[in-house]
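The block underneath contains the structure these notes are about, expressed in C-alpha cells.
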Amino acid sequence: MAFETETDFTLPKGFVDADGNLHKEGSMRLATAADEILPLKDPRVKQNPAYLAVIVLSRVITRLGSLQDVNTKVVEGLFASDLNYLQALYEEFNADGEAEVPGLSAGAQRAEGFGVMGEA
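The opening position of the sequence shown corresponds to residue 67 in my numbering, with each subsequent residue numbered one higher.
Below you can see the structure in the form of C-alpha cells.
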C-alpha cells in the first residue's frame with residue numbers, strides 16, 4: 067500500500083468564480099508543520115483566529131477545477147457548506163496515523179499535544 071500524500075475531493079456545492087464558472091473537483095495535499103505554524107504569524111489570524119482555517123486550506127488545496135491558483139480569496143469565496151466539508155476533510159486526512167503516547171489517554175494526548183488546523 068502506497069503512502070497517500072494527496073487526496074481528491076468533490077465540493078458539495080462548488081466554487082463560483084468571477085466569470086460564473088463552477089469548480090467542484092479538487093485535490094488536497096497533506097499538511098506540513100509549516101502549513102500550520104506559519105499562518106499563526108499572519109495579522110489576519112491574530113485579529114480573527116477563525117481565519118487560520120482559510121490560510122491553511124489555501125496552502126494545502128493544490129487544485130480546484132480549472133483555477134490557476136487557490137488562494138485565500140478563493141477560500142473566502144466558498145459557500146459555508148463547502149468550507150465545512152474541506153475542514154472536515156483536512157482533519158480526517160491529516161489525522162491518520164496520529165502518534166500515541168503510551169500511558170496517556172486519548173483525551174489527554176489531544177489536550178497536551180498539537181491537534182490539526184491550529185488546535186492546541
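Just so it is clear, CB atoms sit at the ideal spot from N, CA and C, and this is done for glycine as well.
Ignore the nearest five residues each way along the sequence and tell me which others in residue i's own chain have a CB closer than 8 Å to its CB.
i: D148; result: L77, P78, K79, G80 and F81
i: S132; result: N87 and H89
Which stretch, first to last residue, makes up the beta strand (DSSP E) that contains residue i?
i: P78; result: E72 to V82
i: L88; result: L88 to R95
How would you label residue i, buried or exposed, when you count the other beta carbons within 10 angstroms and need 16 or more for buried?
i: L88; result: exposed
i: G143; result: exposed
i: A119; result: buried
i: F69; result: exposed
i: G92; result: buried
Taking 6 Å as the limit between beta carbons, can you name the residues of its chain near residue i, skipping five residues before and five after?
i: Y97; result: A small fix is needed here, since residue 97 is Ala in this sequence, not Tyr. V126 and N160.
i: T73; result: M94 and F159
i: V141; result: V120, L123 and S124
i: D83; result: none
i: F145; result: K79
For the alpha helix (DSSP H) that residue i lies in, which residues bound it at each end?
i: T138; result: T138 to E142
i: L130; result: Taken as a continuous stretch (DSSP letters only), L130 belongs to no alpha helix (DSSP H), being part of the beta strand (DSSP E) at I127 to L130.
i: F159; result: A146 to A161
i: P109; result: P109 to Q113
i: D101; result: A99 to I103
Report yes if the C-beta of residue i is less than 6 Å from at least one heavy atom of the ligand ADP; otherwise report no.
i: T128; result: With respect to the ligand ADP, the structure offers nothing, as it holds no ligand at all.
Once you ignore the five residues that flank residue i on each side, which residues in its own chain have a CB closer than 7 Å to its CB?
i: D85; result: none
i: T128; result: E72, S93, M94 and R95
Inset, instruction - Flag this pair as touching only if the segment 122-130 and the segment 143-156 have three or more C-beta atom pairs under 8 Å; answer yes or no. - result: yes
Legend entry - Three or more C-beta pairs below 8 Å linking the segment 102-119 and the segment 128-137: no
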